[in-house]
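Notes follow once the structure below has been shown.
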Amino acid sequence: MTIYAIGDIHGQTGMLDAALERIDRDGGETGPDGADEVIFLGDLVDRGPDAAGVIEKIASGIAQGKRWTAIRGNHDTMFRRFLRDGTLHDAAILSGNPWTHFRLGGVATLYSYGLDPDLDHEDLVAAAQKAVPQHHVEFLDTCPLWIERGGWLFVHAGIRPGVALEKQAEQDLIWIRDGFLTHAGDLPWTVVHGHTVMDDPVWAGNRVSLDTGAGAMPPRHLTVAAIEDDTVFILTDEGRQELLREAHPDARHAARQTRAS
195 MTIYAIGDIH GQTGMLDAAL ERIDRDGGET GPDGADEVIF LGDLVDRGPD AAGVIEKIAS
255 GIAQGKRWTA IRGNHDTMFR RFLRDGTLHD AAILSGNPWT HFRLGGVATL YSYGLDPDLD
315 HEDLVAAAQK AVPQHHVEFL DTCPLWIERG GWLFVHAGIR PGVALEKQAE QDLIWIRDGF
375 LTHAGDLPWT VVHGHTVMDD PVWAGNRVSL DTGAGAMPPR HLTVAAIEDD TVFILTDEGR
435 QELLREAHPD ARHAARQTRA S
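In terms of our numbering, the sequence shown opens at residue 195 and continues consecutively.
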C-alpha cells in the first residue's frame, strides 16, 4: 500500500491537477477498490484563485468513493467560521489581520464563489452563506484534524510534543510552529504535515514537512509524497525521488513563513 500525501493547495487547481496526474503516473490505485490512499494535508482554500474548484474536486472525488481524505487546516477553519457566523479574526494571527486581509487570502476564496468582498460585512456573510454550496459546507465540517496510519501521523500543522493525541488542542493541530518544529526528541509517530512553508520538502528527524509554497506570494509549487513502509519519495515530473531523512529537526527552511499564514 502506498499513502500519497499532498501539501497545502491554497486554491491552486492547476497545481492540484498536476499532483493528481503524478499519482496516476506513479501507478496509484486510489479509486473505490484501490489499495492506495491520498491524504490532503489541509489549507485547501485562500490566496489562490480557485478555492471553490479545489473543494469541489476533492469533495466530489470522496463522494465518488475515491480513497481520499482531506485534513482540515487553519485556512479551511477560518473559512468555515466565516460562513458560520461571520468570524474574521483568530487569536493565532498575531498581526491582528482579518481573514479577508490579502495576506490571509480570504478575499480570493470569496471571489472564487463569485462574491463581491466590498459588501458590508453582514451582507457579505449572508451572500457567502447563500453562494457556497451546502455540500461544500458539509465537506468542511467533516474534514478530520488528523489521521493515523501505523507509524505515521498526518496533520495540518503539527502536534504539541508530550500531549496525548486525544488531548491535543485544535489550535495546535492547525496552527503550531513553536515547540514542534524544533522538537528534537522522539514522537510516537513520524508526523507528516504542511502549514509551514519550506523551500523544499524536508524529512527532519521526527517529521516530514510538505508545504512548499503553493499559497506563497508569488506561488511556488505543490508537493506530493509517496510513503511506503518507512520510506518517503517525492513525485516529480521525472518520477520518484527518495526523500532522505535528516538527523534532527531544523526550522531554517521556515524563515520566509510569517505567523499570519
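Just so it is clear, CB atoms sit at the ideal spot from N, CA and C, and this is done for glycine as well.
What you are looking at is a predicted structure, and each value in this text was computed from that prediction instead of being measured.
Buried versus exposed, by CB contacts within 10 Å (16 or more), residue i
i: residue 405; result: buried
i: residue 358; result: exposed
i: residue 206; result: buried
i: residue 403; result: buried
i: residue 377; result: buried
i: residue 350; result: buried
Spatial distance of residue i from residue j (CA atoms)
i: residue 429; j: residue 239; result: 23 Å
i: residue 423; j: residue 322; result: 43 Å
i: residue 303; j: residue 294; result: 9 Å
i: residue 392; j: residue 345; result: 23 Å
i: residue 417; j: residue 227; result: 25 Å
i: residue 224; j: residue 231; result: 5 Å
i: residue 286; j: residue 365; result: 8 Å
i: residue 290; j: residue 297; result: 11 Å
i: residue 437; j: residue 292; result: 37 Å
i: residue 312; j: residue 278; result: 19 Å
i: residue 379; j: residue 409; result: 30 Å
i: residue 221; j: residue 258; result: 19 Å
Neighbourhood of residue i by C-beta, 6 Å cutoff - its chain only, sequence neighbours within 5 removed
i: residue 307; result: 246, 325 and 326
i: residue 237; result: 202, 204, 267 and 269
i: residue 439; result: 397
i: residue 217; result: 198
i: residue 411; result: none
i: residue 452; result: Low per-residue confidence applies at residue 452: pLDDT is 39, beneath 50, and the placement is therefore not dependable enough to give any value.
i: residue 274; result: 334
beta-carbon residue i near the ligand SAH non-hydrogen atom, thresh 8 Å
i: residue 321; result: With respect to the ligand SAH, the structure shown offers nothing to examine, as it has no ligands at all.
Neighbourhood of residue i by C-beta, 8 Å cutoff - its chain only, sequence neighbours within 5 removed
i: residue 309; result: 318, 321, 322 and 325
Residues near residue i in its chain [Cβ-Cβ closer than 7 Å; skip 5 each side]
i: residue 444; result: Because the pLDDT of residue 444 is 49, which lies under 50, any placement of that residue in the model is unreliable, and the number read from its coordinates should be weighed accordingly. Excluding sequence neighbours, residue 444 sits near 398.
i: residue 341; result: 233, 263, 265 and 348
i: residue 407; result: 391, 413, 414 and 415
Cβ distance (whole Å) where residue i is taken to contact residue j below 8 Å
i: residue 355; j: residue 381; result: 6 Å
Taking 8 Å as the threshold, find out whether the region 327-343 comes into contact with the region 245-255 through three or more Cβ pairs. yes
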